[in-house]
Amino acid sequence: MSAYEPVIGVEIHVQLSTRTKMFCGCELSFGDPPNTHTCPVCLAHPGVLPVVNEEAVRRALLIGLALGCEIAPRSIFHRKNYFYPDLPKAYQISQFDIPICGRGEFRALREDGSELLVGITRAHLEEDAAKLTHAGGRRAGAAESVVDFNRGGTPLVEIVTEPDLRSPSDVALFLRQLRQTLLFLGVSDCSMEEGSMRADANVSIRPVGSHEYGTKTELKNMNSFRFLERGIEAEIARQEEIVGAGGRVSQETVHYEPDTGHITSLRSKEESHDYRYFPEPDLVPIAPDPAWVEELRAGLPELPLPLRRRMVGEMGLSAEDAEVLTEGPELVVYFLEAAALADPKACANWIRGELRAQLREAGVEPWQSKVTPAHVAALVGLLDAGTVTVPAAKEVMAEVIVSGEDPADVVESKGLGAMDEGDLAAVVAEIVAANPDQAQQLRDGKNKVIGFFVGQTMKRTGGRADPQSVQRLVREAVRGD
Amino acid sequence: MIDDETVRHVARLARLRLSPDEEQVMREELSGILEHIDAIRAMDLDGVPPTTHVITLENVVRPDVPVSGLTRDEALREAAHATDEGFGVPRMD
Amino acid sequence: MGLRDLTAAGQIAAVLAGETSSEELLDAHLAAIAADDVDAFLAVDAEGARARAREIDAMPERPPLAGVPIGIKDALSVRDVVTTAGSRMLEGFRPLYTATCVARLEAAGAVVVGKTNMDEFAMGSSTENSAFKNTLNPWDHGRVPGGSSGGSAAAVAERQVPWTLGSDTGGSIRQPAALCGIVGMKPTYGAVSRSGLIAFASSLDQVGPFARTVEDAALLLRHMVGRDPMDSTSLDWPGEIAAPTATDLSGMRVGVVDELMGDGIEPGVRAAVDAALGTIEELGGTVVPVSLPSALSGLATYYVLAPAECSANLARFDGVRYGPVAPAANLLDQYETTRGDLFGPEVKRRMMLGTFALASGYYDQYYGRAQRVRTLMVREFAQAFEKVDLLASPTSPTVAFPLGDRTADPYAMYMADVCTIPVSLAGLPAISIPCGLADGLPVGLQLAGPAFSENALLGAAHALEGALAFDTRPPGLVT
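Protein chains in written order, with this note's numbering: chain A, -17 to 463; chain B, 20 to 112; chain C, 6 to 484.
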């Protein structure tokens, strides 16, 4: 047990998936040739002025409402001044003392069912920087760098948390579930790899039991949850080593090298940052109409945490079912539509299990396939009513995947319906008669032999027999001999 | 008054190279101007809110609809150090 | 009387009457520009102007401005026409778009002949801060035309074009208009789109007209105002800018700002302004003293706010996307050398001042306080306009001063705007009209009104103009 407790807060940058940039009408693109989505505004030509993208405001409000933030009745933009080639105006239009979304909180659910409460300090709107490509890939020593302004000016929401996190695994858990929430809201692609979601962590340690904060370092720009978790682990270990040896942690920006597992300092040559924030005179305040805010609040989708609680509590799903099915908004919607029409637990099993397994090869997700949620519910209904057996149902599903036909019609046309008891009894009797040795073994109490008869029967009936009925009929037939 | 160190610090923040002579002239001139400006530091401004805008507009926004911009050739036309694809900048160390 | 002696309205009438054509007007003015001895223009686009003039001449129905030529301050972006803002930082720069106000005038039938000289990035009161050349005052070639829109003012006074556009942040239209003996107007903040105006101080900058008559100024302004989707701070102008017709001032209450009639005003200027106040009364107006206690703090307030905003607005000039760049070994060096070499002394001075005023530890003392003084200024103007319809003062405390006279003392230069700055801080409209001569040099009278009172201001200025009968022709000008 370490003598120190880590104290961690995170800053998350989320690129909004609007059609156009934050302050100009250039279309957002990912992967297009460099500098093919620019205009005088996002190139900061002399005399240009920013104009706020209304959809970015709407999405920032959605994020704030989902995080339980206070919505500022009147927020303003500020200029944050610093020179860098990816920032064409040499200031970023951001928000400073009056962000659009103020205090809120986020609840995440740990695997053991306990809750992780993370305070949200703020969420504000700003614009993204352009992309710098460095010859040789590294910044230092690059002979020349090239700037691509396609990404420059993409709308961003920066979410800042309180220093409420106490372990790297909680940070990862929080970020995963925050990401899920953002995906549910449909505001961003939230791809860590593509950089549409980026997280920085402020890490410090303090003696267990202390209420003071230690000096924090800022761990920059991890491009996956795994690296972020590992990076924080490494940074905590580094700080513990320093403090353990009687040293002091210095306030700096650090970087985690995934290849070596080392923490390196990103000490820039630039002297202390002085961003000289001041109110952006080219923009006017954002004062969202309270009626609009209420409309947005009422229209929020059901968010992952309450939804998962409902799935477990009311629908009888396992925690794991709930976790898997709330992975993304499309899957949830798919499941909920099916669950409204048939037994939710059975729907969950079929969607998580057989359906995804069968679709995996084609690389298709359930909501993209020909199998509708109503099809899933229909199949579950057919099973419930004993109309089809489980093996036949799998076959029906395979057929629906190809044809998109109604499961009941498939059962009909392919003759996959469960056999009638009389017919089945006749088949069983025939098999028992044809295998007298095995029948004797069963009579002698070798119960394992029952499997042989079930297998034979299933083979003969092409899966249209219910295995439990078959067992019963075999025993009756053997006794009857 | 403003000292040499402040002049150098501010010049660095503003990314302005000043010769030693310019630095000295700048220190003197800025000090002189600040003496005049100091008048506002003596004013009683208790309870007076700041004015950023003289206009009272709010919520000026545009719809999220793409507008055609510049071709790459146009975008790079005025750049002194353009490459085929982008804007060149020297090494950053 | 030659074509150049016609006002813009007169030229339009002549075109519509078939007495002349847009191309003929262009030729007359291009010839005057070619013979220019006041150095008003930085660039002339004769070819583009001729093509446009011919196009307009071929139209079955002439647009409202009928192809009359216009000069544009070099702070305004005109697509493909070199636009430098008077700075080596933009030497050779060809913009990729046209400023909204210019595009609107072009659509209304104005023919852009070229770009006029100015103080670098509009910082200055004499046009001596242009990186390229000095512009001379048409009334006395040994004197400055005022600034920062000195080229636009001199071009109109010299009758090289009947009207021009300027931009006014702390007085950059009104003060050169006064010094060159013509009419210049700064509209209400937000009335004219700033899109395409190379920003100096965004919360103060406004584009406005120069002309020899109030009628022409009104006509030009009519085609510029109105909300622009490219400028979030632009407003719908309520109604329309009307052609001014007033010939008297009966019932008009005119306040004279005590604080702006004090010691700093040259006696000759004061005498001319006093005489104009007398004329106001003769025309039926009432002249009453009013006080704007914060007016004299305006200069200090302005010299915090404007440099602070400019320090951010001019940060984009780094040699990466446009403009010349200094050879450098690394990025920091490129930034510092390019900016250190290509900005002139006044621009550097203001950027230093503004950076300082925003820097950590100084913001509250300087920028924060200046914004609060600005609030006082807004309130005092509002109170004054409860009592009077318009405010009158000198436009400039002095007449045109000799070239080189004030370049050594920045603050002395700043004093040139002491009367115009308070109005700018309050975002109000104001017009300067010539009201007489002092030592043979023009004196300007500034009239200011509440927001969107342009029609009232233009009306009063028109009535006064008629009564004062100032001759705008500089001595010795041959047309």
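All C-beta atoms in this analysis are idealised placements derived from N, C-alpha and C, irrespective of residue type, glycine included.
- Okay, do the stretch 21 to 36 of chain B and the stretch 337 to 357 of chain C touch, 3+ Cβ pairs below 8 Å being the bar? yes
- Residues of chain B with a CB under 9 Å from the CB of C/M94: which are they? Under the 9 Å cutoff, chain B gives no residues; its nearest Cβ is about 12 Å from C/M94.
- Task: On a CA-only basis, which of C/A14, C/Q451 and C/A63 is nearest C/V278? Give me that one, please.
- Result: When each option's Cα is compared against that of C/V278, the closest is C/Q451.
- Query: When burial is assigned at 16 or more other CB atoms within 10 Å of the CB, is C/D79 buried or exposed?
  - Reply: buried
- Item | Amino acids of chain C, ordered along the chain, whose beta-carbon sits closer than 8 Å to that of B/T113 | Absent from the structure is residue 113 of chain B, since the part of chain B shown begins at 20 and ends at 112.
- Query: For A/F434, which residues of its own chain have a beta-carbon under 6 Å away from its beta-carbon, when the five flanking residues on both sides are left out?
  - Reply: Q420
- Select from C/A206, C/P447 and C/C185 the residue whose C-alpha is nearest the C-alpha of C/G175. C/A206
- Message: Taking the beta carbon of A/N17 as the centre, do at least 16 other beta carbons fall within 10 Å, making it buried, or is it exposed?
- Response: buried
- Query: Can you find a C-beta in chain A that's less than 8 Å from the C-beta of C/Y327?
  - Reply: Judged by the 8 Å Cβ criterion, C/Y327 is in contact with chain A.
- Separation of A/D366 from A/A375, as counted between CA atoms: When only Cα atoms are considered, A/A375 and A/D366 end up about 11 Å apart.
- Query: Grouping DSSP H, G and I as helix and E and B as strand, with all else coil, what is A/E97?
  - Reply: strand
- Pick helix, strand or coil for C/S200, following the three-state DSSP scheme. coil
- Figure out for me which residue from C/I61, C/I426 and C/N142 has the closest Cα to the Cα of C/G481. C/N142
- Query: Should C/G201 be flagged as near chain A, meaning a C-beta pair shorter than 8 Å?
  - Reply: yes
- Can you name the residues of chain E whose CB is closer than 7 Å to the CB of B/R91? Judged by its chain identifiers, the structure shown contains no chain E, and its protein chains are A, B and C.
- Message: Considering only their Cβ atoms, is the gap separating C/P100 from A/H27 smaller than 8 Å?
- Response: yes
- Message: I need the DSSP call for A/C8, collapsed to helix, strand or coil.
- Response: In this structure, A/C8 counts as coil in the three-state DSSP scheme.
- Inter-residue Cα distance where the pair is B/T90 and A/P267: 33 Å
- Of the choices C/M123, C/E245 and C/A465, whose alpha-carbon is the least far from that of C/G256? C/A465
- Query: Would A/K430 be called buried (16 or more neighbouring beta carbons within 10 Å of its own) or exposed?
  - Reply: exposed
- Report buried or exposed for C/M123, applying the criterion of at least 16 other Cβ atoms within 10 angstroms of its Cβ. For C/M123, the number of other beta carbons within 10 angstroms of its own is at least 16, and it is reported as buried.
- Query: Taking C-beta to C-beta, are A/A328 and A/V362 nearer than 8 Å?
  - Reply: yes
- Task: Select from the stretch 16 to 40 of chain A all residues with a C-beta closer than 9 Å to any C-beta belonging to chain C, and list them in chain order.
- Result: C21, P22, V23, L25, A26, H27, P28, G29, V30, L31, P32, V33 and V34
- Message: With DSSP as the reference, identify every bridge partner of A/I(-6), one or two as the case may be.
- Response: A/I141 and A/A181
- Query: In three-state DSSP terms, what is A/R121?
  - Reply: Confidence at A/R121 is low in this model, with a pLDDT of 49, below 50, so its placement is unreliable and the value that follows should be read with caution. Residue state, collapsed to three classes: coil.
- In chain C, which residues lie less than 7 Å from B/R34 when you measure between Cβ atoms? Y340, E341 and R344
- How long is the line joining the alpha carbons of A/D271 and A/E277, rounded to whole angstroms? 10 Å
- Item | Same chain only: Cβ atoms within 7 Å of C/P74, ignoring 5 sequence neighbours per side | Excluding sequence neighbours, C/P74 sits near L30, L31, H34, A54, V116, V118 and V166.
- Message: Tell me the rounded alpha-carbon separation between C/R355 and A/R220.
- Response: 46 Å
- Residues near A/V460 in its chain [Cβ-Cβ closer than 7 Å; skip 5 each side]: V414, A421, L424 and R425
- Message: Whether or not the stretch 226 to 239 of chain A and the stretch 196 to 204 of chain A are in contact is what I'm after, with contact meaning three or more pairs of Cβ atoms, one per stretch, closer than 8 Å; do they touch?
- Response: Touching, yes, given that three or more Cβ pairs across the two stretches are closer than 8 Å.
- Message: Pop quiz: A/F88 and A/I102 are said to be a contact at Cβ under 8 Å. What is the actual Cβ separation, rounded to whole angstroms?
- Response: 6 Å
- Message: Looking at the secondary structure, which residues open and close the alpha helix (DSSP H) in which A/P326 lies?
- Response: P326 to W332
- Short check: CB of C/R377 to CB of C/L310, under 8 Å? Contact flag unset, no.
- Taking the alpha helix (DSSP H) that C/W168 falls in, what are its first and last residues? No alpha helix (DSSP H) holds C/W168; the beta strand (DSSP E) holding it covers W168 to D173.
- How would you write the range of the beta strand (DSSP E) that C/A489 sits in, first residue to last? One cannot answer for residue 489 of chain C here, as it falls past the ends of chain C, which runs 6 to 484.
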